[in-house]
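This report refers to the structure that appears directly beneath it.
Protein chains in written order, with my numbering: chain V, 1 to 458; chain A, 1 to 332.
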């Protein structure tokens with residue numbers, strides 16, 4: 001009979017009059033991989049904080065490893081032996097893998113460290129786990145896939161009985177993800193439990209023994225192995241409208257790629273027109289990891305790229321993965337952000353007041369009062385994404401390249417991004433999406449190319 | 001009435017204006033307190049002197065503000081000022097015409113700014129360390145230029161030079177003050193209205209986003225250090241005109257005054273925030289405190305302590321406001 005490791009009973013959690021968790025109940029068994037499909041992110045951060053740090057709750061009780069650790073009366077234990085693995089690296093980049101696994105953890109009490117013994121110990125652990133990583137390599141030099149593996153080993157060495165794995169599929173290639181899943185299964189057999197959080201239900205179904213559908217601080221449904229099908233999830237998802245461009249419209253070609261070879265990407269050919277969207281489905285993240293810009297300008301091994309008959313350098317706007325942190329100036333005003341590229345477009349050092357006023361007039365109705373805010377830091381994620389795409393529309397490049405458009409996006413945000421991509425297309429801008437997910441791209445792409453041994457157009 | 005409200009809202013919507021208004025209230029209170037303690041504080045003569053005291057601080061404050069907004073710092077301001085003072089004075093005492101002396105000094109100071117900019121941006125040295133190095137180099141140059149001695153008086157040849165930069169008046173206003181006003185207008189326009197200004201804020205706000213948006217981080221960083229060096233050069237020339245000679249220790253601690261003027265005026269040490277109107281108020285607070293405490297008979301040590309405390313509190317408030325904003329609730 002399986003034993004419970006964590007039980008959350010009718011927990012409600014609110015902060016600043018906002019309900020984050022509402023009468024939430026769930027349990028995790030020992031040696032179980034429990035999937036959590038997050039239909040949105042509301043309260044998810046608080047749930048993880050509750051599991052790790054026993055955050056204060058207003059209702060309910062929490063049990064961990066057979067003991068009551070938290071209740072509405074107050075927390076009994078400060079924190080649980082739970083580790084989390086997510087986007088943020090918890091490894092010190094300038095220390096070796098061995099140091100990271102054994103020295104940099106709570107409870108390590110040795111003062112004098114014998115490096116050779118330590119490295120042997122780590123090498124043994126890595127070999128047992130069938131991982132080919134040198135123990136004396138610096139953590140900063142690890143690939144993303146290796147980083148996740150080392151973090152998992154570190155968590156298990158620390159003695160964590162529960163490991164929370166959050167959105168790993170967004171960063172890992174298909175191969176790295178498979179390896180990571182194998183490692184998880186190996187540790188699960190040894191008794192470690194996992195809470196596998198992702199917004200991609202297919203990814204969750206692949207690895208989980210049981211799965212939860214989570215939305216707005218509540219568990220909407222518990223799915224057992226025999227219920228893990230797309231049709232059980234679909235009723236909980238909002239149908240996304242098909243926003244593909246209408247066919248038979250005359251449009252000028254913007255970018256043509258002919259017989260492109262690049263690492264694993266073999267013989268890629270496509271032609272993209274104004275107002276058209278093409279998705280490159282890059283499961284191994286060949287193009288995504290090597291930045292499309294670098295590829296287009298330097299790294300071509302064989303093949304030809306024509307950009308509107310000229311070289312591929314100008315009139316291209318890149319929306320990178322994680323665009324909020326890499327394209328927005330959070331402490332500046334909405335208008336500053338919106339107009340940031342305009343000076344380049346009009347080629348004037350001083351943006352004429354006439355232009356500013358006309359943008360205000362044209363976009364004011366669409367954007368609303370948010371347009372007047374002096375700092376965009378407190379805007380919602382949806383508003384920030386809107387700003388990123390509106391800026392692109394205002395700049396009117398010939399081509400917008402969007403890297404991993406759905407990374408870190410919950411279902412609601414995905415819907416918004418799809419709408420925004422459709423707006424780009426309506427403005428006659430060509431859009432090239434680079435995604436490692438097949439999910440949702442059909443709603444917006446006119447065609448998509450699956451990269452692989454023999455790249456195919458669909 | 002509605003138009004007035006709209007106008008006020010428009011002013012308050014200007015980036016960093018709220019902070020400037022708050023500090024301005026502080027400045028007004030300080031003036032009232034010192035005026036009550038000693039009525040001669042508001043005399044015409046004292047106000048003229050006060051403005052002449054504020055002008056150099058405003059100038060170096062402008063330079064430091066430019067650098068701080070990009071998220072960097074310039075510790076070499078005082079040394080470049082010393083260099084400027086000593087090189088120009090030495091050249092004039094050797095019989096070189098003031099214009100030629102000013103030009104040579106200008107080139108020397110801009111070279112330091114250029115070096116600072118490249119050390120920070122091209123070589124990726126931490127700005128604190130890079131400018132600490134050039135601070136020592138600059139001071140060394142100031143000492144070596146006249147064989148480790150202060151210069152003699154710049155004499156009759158420098159009379160017009162002193163007249164222009166210190167004694168002279170235009171439209172009844174001391175030239176020193178006018179120079180500060182003109183420099184402020186020019187650099188305020190560049191910062192608030194031009195592409196370069198937007199790039200300066202962009203680098204301080206989010207350097208990765210700036211790079212992705214096609215901003216030349218190296219070019220812009222070099223530009224801000226050049227502005228800083230230019231302002232130090234100008235104050236060095238004014239100092240030379242004021243003293244009528246070159247002194248090796250001129251400009252000592254001025255980097256601290258520059259930071260004080262900027263930070264008190266609301267320029268963020270974390271980069272991306274601040275306006276030059278704030279630097280005016282910051283420099284004015286510094287000047288009023290120096291002047292008022294002097295009138296009140298406070299020793300130099302007390303004046304330094306008071307200014308130091310105000311700087312620390314200003315930075316602390318900025319950090320609290322900026323980092324506190326991260327903790328605000330995230331909208332779903």
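Note that beta-carbon positions come from the ideal geometry of N, C-alpha and C, so glycine has one too. Nothing here was measured: the structure is a model prediction, and the numbers come from that model.
Contacts of residue i in chain A (Cβ-Cβ under 8 Å)
i	result
residue 328 (chain V)	206, 209
residue 320 (chain V)	212
Three-state class that DSSP yields for residue i in the structure shown
i	result
residue 340 (chain V)	coil
residue 138 (chain A)	helix
residue 19 (chain V)	strand
residue 83 (chain A)	helix
residue 245 (chain A)	coil
residue 7 (chain V)	strand
residue 234 (chain A)	helix
residue 259 (chain V)	strand
residue 316 (chain V)	strand
residue 444 (chain V)	coil
residue 412 (chain V)	helix
residue 14 (chain V)	strand
residue 227 (chain A)	helix
residue 449 (chain V)	strand
residue 335 (chain V)	helix
residue 360 (chain V)	helix
residue 280 (chain A)	helix
residue 88 (chain A)	helix
residue 215 (chain V)	strand
residue 314 (chain A)	helix
Identity of the residue in the options nearest residue i by Cα
i	options	result
residue 28 (chain A)	A:225, A:182, A:287	A:287
residue 274 (chain V)	V:316, V:215, V:34	V:316
residue 73 (chain A)	A:79, A:107, A:311, A:126	A:126
residue 415 (chain V)	V:398, V:59, V:443	V:443
residue 19 (chain V)	V:379, V:83, V:42, V:389	V:42
residue 208 (chain A)	V:319, V:434, V:58	V:319
residue 82 (chain V)	V:60, V:93, V:48, V:277	V:48
residue 243 (chain A)	A:85, A:203, A:94	A:85
residue 388 (chain V)	V:324, V:330, V:373, V:431	V:324
residue 330 (chain V)	V:371, V:139, V:376	V:376
residue 51 (chain V)	V:79, V:386, V:321, V:32	V:79
Range of the contiguous alpha helix (DSSP H) that encloses residue i
i	result
residue 268 (chain A)	Taken as a continuous stretch (DSSP letters only), residue 268 (chain A) belongs to no alpha helix (DSSP H), as it is neither H nor E.
residue 17 (chain A)	17-37
residue 205 (chain A)	195-205
residue 126 (chain V)	115-128
residue 109 (chain A)	98-121
residue 59 (chain A)	44-69
residue 323 (chain V)	323-327
residue 264 (chain A)	254-264
residue 231 (chain V)	230-233
Under 8 Å by beta carbon: chain V residues contacting residue i
i	result
residue 198 (chain A)	336, 340, 343
residue 201 (chain A)	329, 332, 336
residue 194 (chain A)	349, 350
Interface partners of residue i on chain V, CB under 9 Å
i	result
residue 19 (chain A)	Going along chain V, no residue has its Cβ under 9 Å from residue 19 (chain A), so there is no contact; the nearest lies around 11 Å.
residue 272 (chain A)	329, 330, 331, 332
Proximal chain A residues relative to residue i, where beta-carbon distance stays under 7 Å
i	result
residue 431 (chain V)	None at all; the shortest Cβ gap to chain A is about 17 Å.
residue 93 (chain V)	Near residue 93 (chain V) there are no residues of chain A at all, since even the closest Cβ is about 16 Å away, more than 7 Å.
Span of the beta strand (DSSP E) around residue i
i	result
residue 35 (chain V)	33-38
residue 279 (chain V)	277-281
residue 224 (chain V)	218-224
residue 435 (chain V)	430-435
Under 9 Å by beta carbon: chain A residues contacting residue i
i	result
residue 387 (chain V)	In chain order: nothing, as chain A lies at least about 12 Å away.
Closer than 7 Å: residue i CB and nearest the ligand ADP heavy atom
i	result
residue 149 (chain A)	No copy of the ligand ADP appears in this structure; indeed no ligand is present at all.
What alpha helix (DSSP H) runs, 4 residues minimum, are completely inside the region 131-213 of chain V? 144-158, 174-189, 201-207
Runs of 4 residues minimum, wholly inside the region 41-89 of chain V: which ones carry the alpha helix (DSSP H) assignment? 44-53
Secondary structure, alpha helix (DSSP H): runs of 4+ residues fully inside the region 126-185 of chain A: 127-144, 159-162
Curious, which full-length alpha helix (DSSP H) runs of at least 4 residues does the region 372-414 of chain V contain? 381-395
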